[in-house]
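Residue numbers (mature numbering (1 follows the signal peptide of the UniProt record, and there is no 0)): -25 to -1, 1 to 235.
Heads up: the structure comes next, in structure tokens.
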Ligand SMILES: *[C@@H]1O[C@H](CO)[C@@H](O)[C@H](O)[C@H]1NC(C)=O
Ligand SMILES: *[C@@H]1O[C@H](CO)[C@@H](O)[C@H](O)[C@H]1NC(C)=O
Ligand SMILES: *[C@@H]1O[C@H](CO)[C@@H](O)[C@H](O)[C@H]1NC(C)=O
Ligand SMILES: *[C@@H]1O[C@H](CO)[C@@H](O)[C@H](O)[C@H]1NC(C)=O
Ligand SMILES: *[C@@H]1O[C@H](CO)[C@@H](O)[C@H](O)[C@H]1NC(C)=O
Ligand SMILES: *[C@@H]1O[C@H](CO)[C@@H](O)[C@H](O)[C@H]1NC(C)=O
């Protein structure tokens, strides 16, 4: 049975979550979306035009900005703010694809809404008519299989391990971190954490800590789980779901490709 748990700070959002299968391949899929109730009217074509141009700019700029890009388009009431973040381990081309797909799906999931968040496994997109840059929010959703318990001997090691991952991620240059736990009896567990880069390191730390605390009882005894927030994200699994080389963060992908 798949169960999704969520914590949403304010009640004006409608949340859609999708069944998430933990398949062995690290495939991309949509994990959920969140739509404001507030909308813009059909006649508000300027907002719509600005939104389209904002989404296009996120797609064109995200890779050269190492998987994180923010932009603002328009003036006054028609102004729209947008953020996209790709998971730090994915390739430049998959980041670009994921961003493109998210900009296509978000307006479909939340038609005419003016504050929209969409989570994919590989990327996160939010746009809004109100500024949210740098403003850390502790809202989040977790995706796990509620009957997929881990062995008791691992359970006591899993959360402390992820607390260490959460403590180390804010100090990494891109606020992205992966780590491996060698359990004493049951193989390895893999952890990953990431923050959006518009918040500072201290907020990144507070965001990750808060997610772990909020979802402690839900994830504490599970073998695999994911937490998606507005500013921070965490993944935990029993196989290495992330790739080793981070071409997106090193920015060497294009040069390397041209050599072959
Ligand atoms: C954003 O849109 C909502 C709903 O239409 C509106 O109440 C709010 O005032 C808008 N914010 C700004 C900054 O225009
Ligand atoms: C993009 O993702 C697919 C599907 O997981 C993977 O097979 C492919 O190698 C990735 N592309 C690159 C360039 O890493
Ligand atoms: C983007 O969407 C296309 C078409 O649905 C799909 O084939 C592709 O795998 C998706 N790419 C990513 C990275 O999600
Ligand atoms: C959830 O976990 C249980 C126990 O490991 C497993 O039997 C079941 O197939 C899982 N469900 C899904 C949808 O993956
Ligand atoms: C985990 O085990 C591997 C060898 O299996 C070793 O290389 C690595 O350093 C160990 N990691 C920790 C944190 O102990
Ligand atoms: C990543 O690197 C580690 C250690 O170098 C290796 O054991 C592992 O198989 C690699 N994983 C992938 C997915 O490339």
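Just so you know, even glycine gets a beta-carbon here, dropped at the ideal spot from N, CA and C.
Keep in mind that this is a model prediction, so the values were computed, not measured.
Original post:
Which same chain residues, not among the five before or five after residue 179, have their C-beta less than 7 Å away from its C-beta?
Top reply: Indexing the chain shown from 1 puts residue 179 at position 204. These residues qualify, in order along the chain: 144, 145, 150, 170, 207.
Original post:
Can you list, in chain order, the residues of its chain whose CB lies under 6 Å from that of residue 10, leaving out five sequence neighbours each side?
Top reply: Along the chain shown, one-based indexing puts residue 10 at 35. Closer than 6 Å at the Cβ level, and outside the excluded window around residue 10, lie -12, 85, 88, 91.
Subject >> Cβ-heavy atom distance, residue 97 to ligand 3, below 7 Å >> reply: Counting from 1 along the chain shown, the entry for residue 97 is found at position 122. Yes - ligand 3 has a heavy atom lying nearer than 7 Å to the Cβ of residue 97.
Subject >> Which listed residue (99, 54, 132, 135) has its alpha carbon closest to that of residue 79 >> reply: Numbered from 1 along the chain shown, position 104 holds the residue referred to as residue 79. Nearest of 99, 54, 132, 135 to residue 79, Cα basis: 99.
Original post:
Given residue 168, which residues of its chain have a CB within under 6 Å of its CB, disregarding the five upstream and five downstream residues?
Top reply: Indexing the chain shown from 1 puts residue 168 at position 193. Within the same chain, residue 168 has close Cβ partners 140, 141, 144, 152, 183, 209.
Original post:
Contact check, residue 48 vs residue 55 under 8 Å by CB: the rounded distance?
Top reply: Taking the chain shown and counting its residues from 1, one reaches residue 48 at position 73. Taking the chain shown and counting its residues from 1, one reaches residue 55 at position 80. That pair is a contact at about 6 Å.
Original post:
ligand 4 heavy atoms versus the CB of residue 120: any closer than 7 Å?
Top reply: Taking the first residue of the chain shown as 1, we reach residue 120 at position 145. Within the cutoff, so yes.
Original post:
Does the Cβ of residue 15 lie closer than 7 Å to at least one heavy atom of ligand 1?
Top reply: Position 40 of the chain shown, counted from the start, is the residue given in the question as residue 15. True, at least one ligand heavy atom lies under 7 Å from that Cβ.
**OP:** Please classify residue 220: is it buried, with 16 or more other beta-carbons within 10 angstroms of its beta-carbon, or exposed?
**Re:** By 1-based counting over the chain shown, the position of residue 220 is 245. Exposed: under 16 other Cβ atoms inside 10 Å.
Original post:
Cβ of residue 219 versus every heavy atom of ligand 6: is any distance shorter than 7 Å?
Top reply: Working through the chain shown from its first residue, we reach residue 219 at position 244. Yes; taking the cut-off as 7 Å, the Cβ of residue 219 has a heavy atom of ligand 6 nearer than that.
Subject >> Sub-8 Å separation of residue 201 and residue 118 beta-carbons >> reply: Walking along the chain shown from the start, residue 201 turns up at place 226. Walking along the chain shown from the start, residue 118 turns up at place 143. Yes; because the gap between Cβ atoms is below 8 Å, this pair is in contact.
Subject >> Residue nearest to residue 113 in terms of C-alpha spacing, selected from 126, 190, 138, 214 >> reply: Counting from 1 along the chain shown, the entry for residue 113 is found at position 138. Looking at the Cα atoms, 190 is the closest of the given residues.
Original post:
Where DSSP assigns a beta bridge to residue 5, which residues make up the other side?
Top reply: The residue labelled residue 5 in the question sits at position 30 within the chain shown. Note: residue 5 sits in a beta bridge opposite 95.
Original post:
Do residue 46 and residue 33 come within 8 Å of each other at the CB atom, strictly closer than that value?
Top reply: Here residue 33 is taken as the residue at index 58 of the chain shown, counted from 1. Here residue 46 is taken as the residue at index 71 of the chain shown, counted from 1. Yes, they are a contact pair.
Original post:
Could you give the distance in angstroms between the alpha-carbon of residue 94 and the alpha-carbon of residue 6?
Top reply: As a working mapping, residue 94 is identified with position 119 in the chain shown. As a working mapping, residue 6 is identified with position 31 in the chain shown. Between residue 94 and residue 6, the C-alpha separation is close to 5 Å.
Subject >> Length-filtered (3 minimum) beta strand (DSSP E) runs lying within the segment 10 to 69 >> reply: 43 to 48, 55 to 61
Subject >> Contiguous alpha helix (DSSP H) assignments of at least 4 residues, all confined to the segment 111 to 186 >> reply: 127 to 143
Subject >> Buried or exposed (CB count within 10 angstroms, at least 16 for buried), residue 214 >> reply: Taking the first residue of the chain shown as 1, we reach residue 214 at position 239. Label assigned to residue 214: exposed.
**OP:** State the DSSP-derived secondary structure class of residue 73, mapped to helix, strand or coil.
**Re:** Here residue 73 refers to the residue found at position 98 when the chain shown is read from its first residue. The answer is helix: DSSP assigns residue 73 an H, G or I state.
**OP:** Compare the C-alpha of residue 137 against each of 196, 82, 74, 175 and name the closest.
**Re:** Counting from 1 along the chain shown, the entry for residue 137 is found at position 162. Among 196, 82, 74, 175, the Cα nearest to that of residue 137 is on 196.
Subject >> Nearest-angstrom Cα separation, counted from residue 82 out to residue 198 >> reply: Here residue 198 refers to the residue found at position 223 of the chain shown. Here residue 82 refers to the residue found at position 107 of the chain shown. The straight-line gap from Cα to Cα measures roughly 34 Å.
Original post:
Beta carbon of residue 2: closer than 7 Å to some heavy atom of ligand 2?
Top reply: Counted from its first residue, the chain shown places residue 2 at position 27. Flag set: Cβ of residue 2 near ligand 2.
**OP:** Just grab the DSSP bridge partners of residue 212 for me.
**Re:** The residue labelled residue 212 in the question sits at position 237 within the chain shown. Paired residues: 165.
Original post:
Just the Cα atoms here: how many angstroms apart are residue 71 and residue 193?
Top reply: In the chain shown, the residue the question calls residue 71 occupies position 96. In the chain shown, the residue the question calls residue 193 occupies position 218. About 33 Å.
Subject >> Contact shell at 5 Å, judged by CB to any heavy atom of ligand 2, ordered along the chain >> reply: 66, 68, 69
Subject >> Whether residue 204 touches residue 133 by CB criterion (8 Å) >> reply: As a position in the chain shown, residue 204 is number 229, starting the count at 1. As a position in the chain shown, residue 133 is number 158, starting the count at 1. Against a cut-off of 8 Å, the Cβ pair of residue 133 and residue 204 comes out as no contact.
Subject >> Cut-off 6 Å between Cβ atoms - residues of its own chain near residue 42, not counting five sequence neighbours on either side >> reply: As a first step, residue 42 must be located in the chain shown, where it is residue number 67. If we look at residue 42 and ignore the five residues flanking it on each side, its Cβ neighbours are 61, 70, 223.
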